[in-house]
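Engineer: Residue numbers (the numbering used here): 74 to 228. Heads up, the beta-carbon is just placed ideally off N, CA and C, and yes, glycines get one too.
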Amino acid sequence: MKAAARTSARTLPADTASSYADTATAAAVKAEMVAVLFRQFKPIVFGNLAVALIFTWMFWDRAERGVLVGWMGAVFLLTFVRVLVMVRYLRQPPPTAQALRWGWLSTAFSGLSGLLWGAISLMFLMTDHLEHIVLIGFVLAGMTGGSVATLSAFP
74 MKAAARTSAR
84 TLPADTASSY
94 ADTATAAAVK
104 AEMVAVLFRQ
114 FKPIVFGNLA
124 VALIFTWMFW
134 DRAERGVLVG
144 WMGAVFLLTF
154 VRVLVMVRYL
164 RQPPPTAQAL
174 RWGWLSTAFS
184 GLSGLLWGAI
194 SLMFLMTDHL
204 EHIVLIGFVL
214 AGMTGGSVAT
224 LSAFP
């Protein structure tokens with residue numbers, strides 16, 4: 074019985090150390106996933122601004138201009154705030170323990186951006202014009218595809 078107790082006592086610290094190592098490794102992996110997310114953000118900025126401008130230009134004579142300009146302004150404002158967050162992160166990456174917070178902040182901004190882009194189907198979809206339906210479908214599919222390709226580093 075004493076031998077079994079001694080064996081357990083010897084293996085317990087090793088198991089505990091292994092558990093801490095696994096936790097530290099998992100945290101480091103998550104931190105690197107967040108870092109990849111922020112490093113890949115530049116195409117998102119360009120894509121959001123370019124597609125918003127093109128969409129606004131294409132719908133300029135087809136939609137209510139005040140709503141169109143308001144939507145585009147909201148996309149530009151959100152993108153500007155996201156750029157500020159990205160610059161702050163890239164200038165001084167946070168410690169590993171704070172990386173998840175930054176990842177979830179980026180996720181929240183991505184969600185808001187998705188809501189803005191999804192809103193075009195509610196605000197500008199004119200069902201009697203097939204070209205509007207097709208254009209909005211292409212824009213939403215393209216933005217979704219671009220987002221999946223660049224923002225999937227942080228699950």
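Taking the alpha helix (DSSP H) that W175 falls in, what are its first and last residues?
Structural biologist: Numbered from 1 along the sequence shown, position 102 holds the residue referred to as residue 175. Element bounds for W175: 172 to 196.
Engineer: Quick check on V207: buried or exposed, where buried means 16 or more other Cβ atoms within 10 Å of its Cβ?
Structural biologist: Your numbering for residue 207 matches position 134 in the sequence shown. Classification for V207: exposed.
Engineer: Can you give me the C-alpha to C-alpha distance between E204 and R155, rounded to a whole angstrom?
Structural biologist: Reading the sequence shown from its first residue, position 131 is the one you call residue 204. Reading the sequence shown from its first residue, position 82 is the one you call residue 155. Looking at the two C-alpha atoms, the distance is approximately 32 Å.
Engineer: Within the chosen definition, does the stretch 207 to 218 reach the stretch 107 to 119 through at least 3 CB pairs nearer than 8 Å?
Structural biologist: In short, these stretches do not touch, since the Cβ pair count stays below three.
Engineer: Suppose you measure from the CA of D134 to the CA of V148; what does that come to, to the nearest Å?
Structural biologist: If you number the sequence shown from 1, residue 134 lands on position 61. If you number the sequence shown from 1, residue 148 lands on position 75. The alpha-carbon atoms of D134 and V148 are separated by roughly 20 Å.
Engineer: Are the Cβ atoms of A226 and Q113 separated by less than 8 Å?
Structural biologist: Sequence index remark: in the sequence shown, residue 226 carries index 153 (1-based). Sequence index remark: in the sequence shown, residue 113 carries index 40 (1-based). Result yes, Cβ atoms of A226 and Q113 sit closer than 8 Å.
Engineer: Would you call the CB atoms of W190 and M216 closer than 8 Å?
Structural biologist: The residue labelled residue 190 in the question sits at position 117 within the sequence shown. The residue labelled residue 216 in the question sits at position 143 within the sequence shown. Taking 8 Å as the Cβ cut-off, W190 and M216 qualify as a contacting pair.
Engineer: Thinking just about the alpha-carbon of each residue, which of M131, V109, L173 is nearest to the one in A222?
Structural biologist: Here residue 222 refers to the residue found at position 149 when the sequence shown is read from its first residue. Here the closest residue by C-alpha is V109.
Engineer: At which residues does the alpha helix (DSSP H) containing R164 begin and terminate?
Structural biologist: Within the sequence shown, residue 164 is the residue found at index 91, counting from 1. 138 to 164 is the span of the alpha helix (DSSP H), which, as asked, contains R164.
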